[in-house]
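The sequence shown: position 419 = 419 (the UniProt record's numbering), numbered continuously.
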Amino acid sequence: MSKKKHKQRLVKADDYYNDGLFELARCGKVVSIRNLSTPEQHVQLQAFYKDEYPKVKERIDEKVKKIKEKISVCDPLMILKFTKDMAMLSHLNKFSELDYTSEENMVIRAQEYIQSILVSTENHFDDTESKEEQEKRWHSIHADIEDLYKEFVYFYHYWSVYKEDSGEISNEMMCYIVESQMLYFVRGKRYQAFELEPLKKLLPLHNDVLVELFGVTTEQIIEGLEKLEYSMSQGLADAWMDMGKKFNELFEAVDLELASEAASDEARNVMNPIVEKIFGEALNNISHVTGWDARLIDALSFGIGECKTFFDDSEFSGWPIMELPTKKKPFIKIDGISYGFDYYSLFDNFYRALQKAIFRLKPEYVDKWSKRQNIASEDMVKALFLNLLPGATAFTGNYYPAGSSLKQMNENDLLITYENYLFIIEVKAGSFPQTPPINDFGAHIKAYTKLAQEADAQCSRTIRYINEHQPAPFYDAEKHKKFEISRLSDYKEVYSFSITVDNFNEFAARAEKLNFITLSSKTIVISYDDLLLYANYFDSPIYFLHFLKQRKIAIDIPQIAMRDELDHLGMYIKHNIYSITASKFPAEHMVNWHGYREDLDNYFCRLYLPELKPTKPKQGMPNEITEIILLLERGTDENRIDTAHFLLNLSSEAKDDFCKAIHHALRRQPEIGRMLVMSAFGEIKYCLFVASPGIKVMSTLERQDYVLSTIFSDESMPIMWIDLDYDKDGKLLGAKGKQCSYNDIPAGDIDRLKVLSVKYAKSRIESFQRQYHRKVDRNDPCPCGSGKKYKKCCIQYE
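Encoded structure:
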């Protein structure tokens with residue numbers, strides 16, 4: 001809460017690098033990058049990339065061909081089991097994406113790429129080959145895949161210059177395409193604790209067609225996915241633990257060497273299922289784990305060599321940067337049995353893969369799917385907002401006239417009112433392009449624009465309608481009046497959202513910073529999954545609304561260009577009003593806010609296993625302020641949210657000073673028998689009145705006069721009036737507040753309050769002199785709180 005403008009400056013760096021072409025500076029978790037190359041150097045570098053592109057592409061083609069040939073002579077099931085074990089080792093004790101090394105990420109990527117090649121290539125495995133030779137080849141394939149992925153770190157530079165020179169794509173647009181393509185590699189859309197939550201809301205409306213086509217109900221699909229979720233993640237580790245436990249039990253109970261044949265058989269019956277989980281395929285056999293009908297499993301399975309589209313002789317045929325077969329069908333069928341090895345391919349793509357399977361078998365269901373999905377999407381978004389804002393009023397499927405009559409109507413998906421806050425929300429249930437941006441950039445740009453700019457235009461149109469009609473009536477689809485919205489000026493904040501069912505978090509977090517998208521209503525673009533995380537993080541509407549204010553401010557800060565929505569929450573937890581932190585960096589610097597979601601990653605990952613006792617990361621907050629906000633939240637005072645947000649806006653130092661003022665009042669007031677006014681002036685302004693038993697309390701009118709009289713020291717800045725009520729033991733019983741400004745002063749009281757203002761100013765000067773045992777210096781800030789120097793303010797009262 002400062003009136004001062006923060007100058008843009010780069011704080012002292014912890015690490016610094018400068019090679020003449022690029023400058024990198026790290027300040028804590030923040031990395032700032034600046035391009036220093038001259039125009040001549042840039043031209044030379046671009047020419048080099050252009051000339052080298054054909055050679056680089058040819059080299060990658062050869063590497064892909066080599067990997068394909070090696071995989072085609074492997075035992076499909078054995079190499080997938082080997083890759084699964086390697087991936088599981090890379091996952092151990094990892095809770096945040098920041099914990100993974102590039103090599104460990106490559107092991108996870110190898111799973112989906114190897115399976116994609118197996119289902120796209122004729123297999124020539126020679127079962128006479130020794131196990132040692134097979135294992136040698138498996139390790140060689142993993143090394144080759146890691147080497148291949150490293151090529152793509154620089155490949156996009158070559159490709160982008162080559163394409164740009166052809167005139168197909170502008171330089172500005174190329175930046176977005178390259179970044180989108182790099183983000184196309186991102187896997188793991190949800191935390192495990194929330195993996196199935198969207199499906200539980202989206203699938204039930206399709207239950208009839210699921211039973212018709214696949215012989216399974218929505219409930220059976222969810223139950224099967226829950227079992228797969230466990231078997232493909234914790235299942236292997238738990239099996240090892242069970243083996244050790246059962247072995248110890250059997251060893252203590254029976255001497256196996258002297259045991260009877262019956263006892264030995266019983267021991268084998270106990271151990272064999274566990275051994276099969278560890279060394280066999282029990283955890284990956286889809287039918288065995290889920291019990292699903294074979295029709296559903298087959299619809300989501302590719303057999304060996306069945307997929308004909310991956311190696312299609314196109315420009316990047318067989319490259320892992322293309323749409324992988326595992327995205328279309330997550331399971332692989334080997335010798336008549338379908339297996340699932342890659343957790344991310346399954347759970348990231350299950351919903352859309354199931355949708356495609358239904359459309360293949362029943363094309364006439366497309367329109368009904370879309371209508372049902374729209375209904376489910378709006379309802380699930382509404383439910384999350386009502387969870388975040390208990391007591392809010394929500395309306396879905398809202399229509400209003402496009403002109404002066406009801407003949408043509410515009411639609412709003414969701415409108416929510418909470419206290420004096422208004423939420424205008426568009427829900428986008430359509431699918432985001434599954435194809436890679438590198439060869440389908442037009443579809444991606446179109447989707448970006450539709451999901452962000454179009455939604456923003458719809459929100460803006462709704463806001464304009466409300467603003468032009470006071471009150472503004474809304475109707476249902478049959479043009480029956482449903483409700484009215486009063487004047488926009490009645491609302492403290494108006495928030496507009498575009499919320500997507502598809503999780504394209506990396507784009508959504510940066511939508512407001514893309515130059516080809518224009519947002520006129522500062523629409524916040526997020527996925528349903530991110531809104532779900534907010535609903536599971538915030539347990540207080542006051543804190544959620546305070547964060548939302550900072551999130552909206554961040555839209556206008558060029559230095560805040562996040563690659564994940566949770567980075568906003570991480571920065572809020574760390575810096576509170578994080579726009580101030582970001583504004584300290586020069587606007588022309590590209591700033592990478594690294595590691596801000598690490599604690600949130602650790603928290604949300606551990607929620608799947610409550611025994612890990614996850615601790616929610618929160619802002620540091622004095623207990624006294626936490627208690628005040630809790631009491632305000634339980635109350636009904638109309639100013640309770642404003643008062644709480646005033647306290648939350650205080651810097652850490654200001655919060656500590658506020659708490660010291662409370663304790664000083666509670667200690668000193670009983671000694672003098674009357675109420676003291678605890679006040680602060682300058683960058684923040686408040687008057688704090690602490691009531692407790694046994695003291696003479698100022699009347700409400702006396703407090704009001706005091707607060708309003710202080711406004712004259714700086715009429716442009718409001719002041720917060722806060723009343724706290726404590727019992728004799730120092731327990732907080734009541735809290736309320738009100739922000740007062742010059743406009744709140746009745747015209748008839750101005751002269752009287754000005755006289756009081758002088759009286760209180762003199763009193764504060766005298767208090768300063770008693771406290772510091774000296775006169776106020778001419779260049780000191782004036783004790784009256786005007787913000788001016790003493791020589792230009794109250795020196796006249798000496």
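Every residue gets a Cβ at the ideal spot worked out from N, C-alpha and C, and that includes glycine.
Which of helix, strand or coil DSSP assigns to residue i
i      : result
LYS618 : coil
SER498 : strand
ILE234 : Strictly speaking, residue 234 in this sequence is Gln, with Ile absent from that position. Coil at GLN234, not helix or strand.
PHE347 : helix
ASN285 : strand
CYS307 : coil
ASP529 : helix
GLU133 : helix
MET86  : helix
LYS63  : helix
VAL695 : Correcting the residue type first, residue 695 is Ile in the shown sequence and not Val. Note: ILE695 maps to coil in three-state DSSP.
LYS754 : helix
SER521 : coil
THR396 : strand
CYS740 : strand
ASN623 : helix
MET562 : coil
ILE795 : helix
PHE40  : For the record, residue 40 in the displayed sequence is Glu; it is not Phe. Three-state DSSP puts GLU40 in a helix.
PRO783 : coil
LYS428 : strand
PHE768 : helix
ASN649 : helix
LYS789 : strand
THR417 : strand
Short Cβ contact (8 Å threshold) for residue i with residue j
i           : j      : result
THR700      : SER757 : no
ALA457      : ILE466 : no
ASN639      : LYS736 : yes
ASN387      : TYR399 : no
LEU531      : VAL427 : no
SER651      : PHE681 : no
ASP144      : ILE67  : yes
VAL56       : TYR156 : no
PHE385      : ALA376 : no
ALA87       : VAL107 : yes
LEU213      : LEU361 : yes
residue 807 : PHE347 : Limits of the chain in this structure are 1 at one end and 798 at the other, which puts residue 807 out of reach.
Of the listed residues the options, nearest to residue i (C-alpha basis)
i      : options                           : result
ILE60  : PHE152, ASP75, THR121 and ALA554  : PHE152
TRP369 : ALA294, PRO330, GLN408 and GLY430 : GLY430
GLY340 : LYS201, LYS685 and GLU112         : GLU112
ASP379 : PHE155, ILE722, LYS201 and ARG764 : LYS201
LYS227 : ARG137, LYS728, TRP240 and GLU195 : GLU195
GLU454 : ARG563, PHE712 and SER496         : SER496
MET678 : ILE662, SER540 and GLU671         : ILE662
LYS728 : LYS329, GLY748, ALA691 and LYS446 : ALA691
ASN35  : GLN44, LEU24 and LEU45            : LEU24
GLU633 : TYR543, TYR608, ILE117 and THR615 : TYR543
LYS131 : ASP490, ARG774, GLN181 and ILE79  : ILE79
TYR418 : ILE358, VAL494 and PHE658         : VAL494
ASP165 : TRP138, LEU324, ASP567 and LYS50  : LYS50
ILE463 : ILE425, SER314, THR643 and ALA447 : ILE425
ASP65  : SER317, PHE547 and THR38          : Just to set this straight, residue 65 is Lys in the shown sequence, not Asp. Answer by Cα proximity: SER317.
TYR162 : LYS136, MET322, ALA110 and PRO54  : PRO54
CYS782 : TYR772, PRO586 and PHE768         : PHE768
ASP656 : GLN669, GLU624 and CYS687         : GLU624
- Query: Does the count of Cβ pairs from the region 519-534 and the region 475-486 closer than 8 Å reach three?
  - Reply: The region 519-534 makes no contact with the region 475-486, as fewer than three CB pairs between them are under 8 Å.
- Item | the region 594-605 contacting the region 688-706, beta-carbon criterion three pairs below 8 Å | Segments in contact, no.
- Task: Ignoring anything shorter than 4 residues or poking outside the region 171-213, list the alpha helix (DSSP H) runs there in chain order.
- Result: Whole alpha helix (DSSP H) segments, 4+ residues: 171-183 and 197-202.
- Message: I'd like to know if the region 531-543 and the region 431-444 are in contact, where contact means that at least 3 CB-CB pairs between them fall below 8 Å.
- Response: No: the two stretches stay apart, fewer than three of their Cβ pairs being nearer than 8 Å.
- Evaluate the contact criterion for the region 576-589 versus the region 546-556: three or more CB pairs, one atom per stretch, below 8 Å. Yes, they touch.
- Message: If contact is defined by three or more beta carbon pairs under 8 Å, each pair taking one atom from either stretch, is the region 737-752 in contact with the region 710-721?
- Response: Verdict: yes, contact present.
- For the region 167-184 against the region 325-345, are there 3 or more C-beta pairs whose distance is under 8 Å? As far as the Cβ criterion goes, the region 167-184 does not touch the region 325-345, which means the pair count is below three.
- Are the region 211-227 and the region 296-304 in contact at 8 Å, needing three or more beta carbon pairs? In short, these stretches touch, since the Cβ pair count reaches three.
- Entirely enclosed alpha helix (DSSP H) segments - the region 329-386, minimum 4 residues: The region 329-386 is shown to contain whole alpha helix (DSSP H) runs of 4 or more residues at 343-361, in chain order.
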